[in-house]
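Asker:
Numbering (my numbering), first residue to last: 3 to 226.
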């Protein structure tokens with residue numbers, strides 16, 4: 003009887019400790035994320051390291067820690083951390099997106115495209131992934147023939163994903179702007195004009211979209 007009591011008490015204490023650790027991990031994650039949002043990566047790092055140490059199965063903590071490493075340009079550490087987050091649950095897309103952004107910063111465009119394609123396989127309606135894949139597909143990088151540029155396949159992929167993004171959210175200024183850019187790069191002038199006109203109309207009078215409105219005006223002048 004006594005042995006059973008000790009075992010039950012041990013289990014209760016273990017659960018309480020785990021609960022306490024989870025609470026502390028959440029506190030460190032919140033503090034670290036707040037510092038990340040301010041761009042204070044060096045201060046965020048120890049908070050997020052603590053969050054991960056206390057809750058190694060927390061994907062948000064792992065992704066935030068990876069983003070701190072990325073902000074500090076410790077790219078290998080960032081990619082290792084995102085890889086650990088993917089192992090927790092391979093169906094969660096946030097580590098894949100964060101990893102893709104890190105690949106872009108290190109010039110690994112093809113690998114970033116692969117990561118974003120995987121995200122869309124997991125979540126076909128993920129708007130952010132479609133916009134990012136469109137943008138990344140238009141980034142110049144080293145091609146198989148040794149030149150640096152954007153491949154025809156890359157432009158086609160950009161247009162396909164951005165058209166999908168616009169179809170799902172026609173009033174999304176970012177998606178419309180990226181699509182207009184893709185049409186222009188692909189030499190589809192009429193479609194580019196039409197889409198830039200849409201960007202101009204959507205961005206009009208919205209301070210947060212001032213840059214998009216200016217880009218639309220410049221593009222429509224350029225395409226006359």
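The beta carbon of each residue, even a glycine, is placed where N, CA and C say it ideally should be.
In this text, all values refer to a predicted model and were calculated from it rather than measured experimentally.
Beta carbon of residue 69, beta carbon of residue 53: below 9 Å?
Answerer: Cβ atoms of residue 69 and residue 53: not closer than 9 Å.
Asker: Roughly how many whole angstroms lie between the Cα atoms of residue 224 and residue 183?
Answerer: Near 12 Å, if we compare the C-alpha coordinates of residue 183 and residue 224.
Asker: Mapping the DSSP letters down to three states, classify residue 179 as helix, strand or coil.
Answerer: Correct three-state label for residue 179: helix.
Asker: So what does DSSP say about residue 150, is it helix, strand or coil?
Answerer: In this structure, residue 150 counts as strand in the three-state DSSP scheme.
Asker: What does a CB cutoff of less than 7 Å around residue 156 pick up in its chain, not counting 5 residues either side in sequence?
Answerer: Contacts found: 139, 140.
Asker: Just to confirm, is the Cβ distance from residue 110 to residue 83 under 9 Å?
Answerer: No, these two residues do not count as a Cβ contact at 9 Å.
Asker: Straight-line CA distance for residue 131 to residue 113?
Answerer: Their backbone Cα atoms lie some 14 Å apart in a straight line.
Asker: Can you tell which of 26, 32, 97 has the C-alpha that lies nearest to the C-alpha of residue 124?
Answerer: Residue 124 has its Cα closest to that of 97, out of 26, 32, 97.
Asker: If you draw a straight line from the alpha carbon of residue 200 to that of residue 122, how long is it in whole angstroms?
Answerer: Straight-line Cα distance between these residues: approximately 26 Å.
Asker: Go to residue 94, then tell me how far its alpha helix (DSSP H) extends in each direction, as first and last residue.
Answerer: From DSSP, residue 94 is part of no alpha helix (DSSP H); its letter is neither H nor E.
Asker: Which residues does DSSP list as the beta-bridge partners of residue 120?
Answerer: Residue 120 is not bridged to any residue.
Asker: Which residue from 102, 61, 164, 108 puts its Cα closest to that of residue 76?
Answerer: Selected option, being the one with the closest Cα: 108.
Asker: Flag this pair as yes or no: are the beta carbons of residue 34 and residue 73 separated by less than 9 Å?
Answerer: Contact: no.
Asker: Taking 6 Å as the limit between beta carbons, can you name the residues of its chain near residue 163, skipping five residues before and five after?
Answerer: Cβ neighbours of residue 163 beyond the five flanking positions: 132, 135, 136.
Asker: Anyone know if the C-beta pair for residue 168 and residue 211 falls short of 9 Å?
Answerer: Cβ distance not < 9 Å, so residue 168 and residue 211 don't count as in contact.
Asker: Output needed for residue 91: all residues of its chain with C-beta closer than 8 Å, excluding positions within five of it in sequence on either side, in chain order.
Answerer: Taken in chain order, the residues that qualify are 61.
Asker: Applying the criterion that 16 or more other CB atoms from any shown protein chain within 10 Å of the CB defines a buried residue, is residue 158 buried or exposed?
Answerer: So residue 158 ends up on the exposed side.
Asker: Express the C-alpha separation of residue 126 and residue 220 in angstroms, rounding to a whole number.
Answerer: Roughly 33 Å separates the two Cα atoms.
Asker: Where do the ends of the alpha helix (DSSP H) carrying residue 69 lie?
Answerer: Per DSSP, residue 69 belongs to the alpha helix (DSSP H) from 61-73.
Asker: Can you look up residue 144 in the DSSP assignment and give me helix, strand or coil?
Answerer: Three-state DSSP puts residue 144 in a strand.
Asker: Can residue 202 and residue 188 be called in contact, C-beta distance under 9 Å?
Answerer: Result no, Cβ atoms of residue 202 and residue 188 do not sit closer than 9 Å.
Asker: With a Cβ-Cβ cutoff of 9 Å, do residue 129 and residue 208 count as a contact?
Answerer: Cβ atoms of residue 129 and residue 208: not closer than 9 Å.
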